[in-house]
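Enquirer: If you use full-length UniProt numbering, the sequence shown corresponds to residues 1 to 277, in order. Don't be surprised by glycine CBs; every beta carbon is placed ideally from N, CA and C. This is the structure I have questions about; it appears just below.
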Amino acid sequence: MKVVIAGAGSVGSSIAKELLSHGHDVLLIDEKPECVGRSGLRGARWLIGDACELTTLKDALLEEADVVVSATGDDKVNLVVSLLAKSEFGVARTVGRVNNPKNDWMFDDSWGVDVAVNTPRLMTALVEEAVEIGDLVRLLSLQTGVSSMVEFTVPTDSHLTGRTLGSIDWPQDATVVAILRDDAPITPSNDDVVEPGDELFFITTIAAEDELRAVLSPAAAEAAAQARRESLDAEPAAAESSGTQSPGAGEDADPLAASGAMAEGRETTHASQSPSA
């Protein structure tokens, strides 16, 4: 796989090192020539220049790249590189580094970013994942914010304990992709039984997260059940109410209102029968 990385700082160099160890073809772009000597990367190709310039990207043969990673410390640069890579060179996959969480909303397909890596948010998610039990934790956003990877640690008193994955009515847009049990990953199947302490990993649309949370959380499940019970209790009362006669039309009509209406009707009839002037 051919990967072009814009920015050869600590983040870009670390990414390049990992990719090189996996046998990928890596090209780094940076404005500072001294980065080549101090990086200690063996096997990487280098291009000294401004990654925001079209001429630099053309020299990098960006149209041949499988993935472009924008890993500089400047969000503006990362957005511009991603946009040019996608719109001018048709790169299939772009990854953008988010330095300031306030800029996270811009790192989407409108700026040519396929995957946004928000390090502060990722660290927050990992902290929550380590301490939150019984609640849904979003780990990563995928496909420019349309989908996400979420994690749920099954508490000891969960209503899901002892049930098979296939017997649970999961939301249509949520799929169990892995189970982590006793530090060992398990490929899920419909026959797998949920146990306390299981870490369930899902790929879901962000719109379906609340529905998934309702399925997983005992409190939310009980609240939903209570709402259904109240709805069922209300149906007979509503049916009985709809069968009663409206005021003024039956035995319970206001007699004063009824007599007034009858009198008004007699006056109208009398007026219509009298000769015109």
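Whole-angstrom Cβ separation of Val194 and Leu160, contact assumed at under 8 Å?
Expert: At roughly 5 Å, the Cβ-Cβ gap stays under 8 Å, so Val194 and Leu160 are in contact.
Enquirer: Does the beta-carbon distance from Phe201 to Val177 come in below 8 Å?
Expert: Yes.
Enquirer: At what residue ranges does the UniProt domain "RCK C-terminal" (137-218) contain a whole run of the beta strand (DSSP E), taking only runs of 3 or more?
Expert: 147-153, 174-181, 184-186 and 199-205, all fully within the UniProt domain "RCK C-terminal" (137-218).
Enquirer: Would DSSP call Arg42 helix, strand or coil?
Expert: Three-state DSSP puts Arg42 in coil, outside helix and strand.
Enquirer: Can you look up Thr72 in the DSSP assignment and give me helix, strand or coil?
Expert: Thr72 falls in the coil class under three-state DSSP.
Enquirer: Could you pull out every residue in the same chain whose Cβ sits closer than 6 Å to the Cβ of Val91, ignoring the five residues on either side in sequence?
Expert: Counting only Cβ-Cβ distances below 6 Å, and skipping sequence neighbours, we find Ala65, Val68 and Ala85.
Enquirer: Could you tell me the boundaries of the alpha helix (DSSP H) in which Leu54 lies?
Expert: Run containing Leu54: Leu54 to Asp59, per the alpha helix (DSSP H) assignment.
Enquirer: Near His24, what residues of its chain come up, given a Cβ to Cβ distance below 6 Å and the 5 sequence neighbours on each side ignored?
Expert: The answer, listed in chain order, is Met1 and Val3.
Enquirer: Please look up how many angstroms separate the CB atoms of Ala71 and Ile15, rounded, as I've assumed it's under 8 Å.
Expert: The pair is a contact, with the Cβ atoms about 6 Å apart (cut-off 8 Å).
Enquirer: DSSP three-state label for residue 296, please.
Expert: The structure shown has nothing for residue 296, since the chain only spans 1 to 277.
Enquirer: Does the distance from the CB of Asp192 to the CB of Ile179 come in under 8 Å?
Expert: In contact: Asp192 and Ile179 (Cβ atoms closer than 8 Å).
Enquirer: Assuming Ser148 and Ile206 make a contact with CB atoms under 8 Å, what is their CB distance in whole Å?
Expert: Yes, Ser148 and Ile206 are in contact; Cβ-Cβ is about 5 Å, under 8 Å.
Enquirer: Count Cβ pairs between the stretch 97-111 and the stretch 74-88 that sit closer than 8 Å; are there 3 or more?
Expert: Counting Cβ pairs under 8 Å, three or more are found: they touch.
Enquirer: Please return the same chain residues whose Cβ sits closer than 7 Å to the Cβ of Leu83, not counting the five positions on each side in sequence.
Expert: So the list reads Trp111 and Gly112, once near-sequence residues are dropped.
Enquirer: Let me check one thing: in DSSP terms, what residues is Asn118 bridge-paired to?
Expert: Asn118 is bridged to Val98.
Enquirer: For residue 288, which residues does DSSP report across the bridge?
Expert: Residue 288 is absent from the structure shown; the chain starts at 1 and stops at 277.
Enquirer: What does the alpha-carbon distance come out to for the pair Leu28 and Val115?
Expert: If I take the Cα positions, the gap works out to 19 Å.
Enquirer: Which value, in whole angstroms, describes the spacing of the CA atoms of Ala8 and Ser39?
Expert: So the alpha carbons of these two residues sit roughly 8 Å apart.
Enquirer: Does Ser110 come out as helix, strand or coil in the three-state DSSP assignment?
Expert: Helix, per DSSP.
Enquirer: Let me make sure I understand the geometry here. Which of Ser141, Arg229, Arg213 and Asp198 has the alpha-carbon closest to that of Asp169?
Expert: Nearest option by C-alpha distance: Arg213.
Enquirer: With Pro185 and Leu165 assumed to form a contact (beta carbons below 8 Å), what rounded beta-carbon distance in angstroms separates them?
Expert: With 8 Å as the limit, Pro185 and Leu165 do not qualify as a contact, their Cβ atoms being about 15 Å apart.
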